[in-house]
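In our numbering, the protein residues as written are 3 to 292.
Written as structure tokens, this is what we have:
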């Protein structure tokens, strides 16, 4: 019986890389995802209603790691104090340190939403103000050539050098446009890479606010509708998300509280509880100093 379960998990993991062609295929996919989750003894649920409608997973996931990432992350590595006594649970949502969940739509701009999201949180924490910053500004004007085809979290450098416009000035359009010469009121002092171990990630979240990180998202992630996600995909990271806190009491090992950019109808009101060490979550993260 155990061999059959392991074989079915292996075969289905291969299927996870194939995009279904039609709505009927999606129904069968979600049904199989539910079976897989049950076989794995998982604590999460999946639903057809969870995923953004009509947008392929490959389009939703725009985290692309450049060749120079290792050197960059090492150069910018943050040294955090490990002497803070951290609580078993911490959530910036309860501390007025988050802004509303957004929807990137049919553009692989998760990297931009991740970078803007942690900047907005830093402003909320320090200034006690909810400011809607412009992902479109970063999408249009970043100097690394990032676009709807993907990008990386070093796009944060733009906020240090140029700043960021607000959403009213440059509204989001789900497509890259020409960079505009407008007032960019908000700037960060700097940004830093966070060590990948659990303690360092917690210290960074607690000290600096929500952080942006990479994760490996597959169809089980796409159709997640609640619970503690613990399907561990060891493939390459392909999606940028935000960690706003943690809860050591949930799931089998404890979990991160993760904010996505697929709208509030996805997951748990736009959020996911994802188990520590699952699908590379938290292994490549950055924070901002505002």
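Even glycine gets a Cβ: it sits at the ideal position worked out from N, Cα and C. Note that the coordinates shown come from a computational prediction; the quantities given were computed from them, not determined experimentally.
Given a threshold of 16 other Cβ atoms within 10 Å of its Cβ, counted over all protein chains shown, does residue i qualify as buried or as exposed?
| i | result |
| --- | --- |
| residue 218 | buried |
| residue 100 | buried |
| residue 77 | exposed |
| residue 226 | buried |
| residue 275 | buried |
| residue 137 | buried |
| residue 81 | exposed |
| residue 288 | buried |
| residue 206 | buried |
| residue 184 | exposed |
| residue 139 | buried |
| residue 220 | buried |
| residue 240 | buried |
| residue 73 | exposed |
| residue 56 | exposed |
Take residue i and list the residues in its own chain whose beta-carbon comes closer than 6 Å to its own, dropping the five residues that flank it on each side.
| i | result |
| --- | --- |
| residue 91 | 249 |
| residue 228 | 47 and 270 |
| residue 305 | Nothing can be reported for residue 305, as the shown portion of the chain is limited to 3 through 292. |
| residue 280 | 232 and 234 |
| residue 261 | 244, 246 and 273 |
| residue 119 | 244 |
Tell me which residues share the same chain as residue i and place their Cβ nearer than 8 Å to its Cβ, disregarding the 5 neighbours each side in the sequence.
| i | result |
| --- | --- |
| residue 271 | 103 |
| residue 142 | 172, 178, 179, 180, 181 and 182 |
| residue 190 | 121, 124, 158, 161, 162, 290, 291 and 292 |
| residue 238 | 67 and 218 |
| residue 39 | 46, 47, 48, 222 and 233 |
| residue 21 | Note that residue 21 scores a pLDDT of 49, beneath 50, so its modelled location is shaky; the value from the coordinates is reported in the next line. Cβ neighbours of residue 21 beyond the five flanking positions: 58, 59 and 60. |
| residue 253 | 45, 230, 232, 275 and 277 |
Would the beta-carbon of residue i fall within 8 Å of that of residue j?
| i | j | result |
| --- | --- | --- |
| residue 1 | residue 232 | Because the chain here runs from 3 to 292, residue 1 falls outside it and cannot be looked at. |
| residue 121 | residue 166 | yes |
| residue 263 | residue 115 | yes |
| residue 61 | residue 110 | yes |
| residue 200 | residue 278 | yes |
| residue 155 | residue 242 | yes |
| residue 284 | residue 215 | yes |
| residue 196 | residue 213 | yes |
| residue 286 | residue 50 | no |
| residue 133 | residue 188 | yes |
| residue 152 | residue 65 | yes |
| residue 176 | residue 107 | yes |
| residue 224 | residue 86 | no |
| residue 265 | residue 98 | no |
Looking only at its chain, what residues have a beta carbon closer than 7 Å to the beta carbon of residue i, apart from the 5 residues adjacent to it on each side?
| i | result |
| --- | --- |
| residue 204 | 88 and 248 |
| residue 192 | 162 and 291 |
Are any of the Cβ atoms in chain B nearer than 8 Å to that of residue i?
| i | result |
| --- | --- |
| residue 209 | The structure shown contains no chain B; it is built from a single protein chain. |
The stretch 119-130 touching the stretch 169-181, judged by at least three CB pairs closer than 8 Å: The stretch 119-130 and the stretch 169-181 do not touch, with fewer than 3 CB-CB distances between them shorter than 8 Å.
Secondary structure, beta strand (DSSP E): runs of 3+ residues fully inside the stretch 150-205: Runs of the beta strand (DSSP E) inside the stretch 150-205: 192-196.
Contained alpha helix (DSSP H) runs [length at least 4] in the stretch 91-129, N- to C-terminal order: With a minimum length of 4 residues, the unbroken runs of alpha helix (DSSP H) contained wholly in the stretch 91-129 fall at 112-129.
Entirely enclosed beta strand (DSSP E) segments - the stretch 200-288, minimum 3 residues: Counting only unbroken stretches of 3 or more residues, the beta strand (DSSP E) elements lying wholly within the stretch 200-288 are 213-217, 226-231, 241-249, 257-261 and 273-277, in sequence order.
Minimum length 3: unbroken beta strand (DSSP E) runs contained in the stretch 51-93: List check, beta strand (DSSP E) in window: 91-93.
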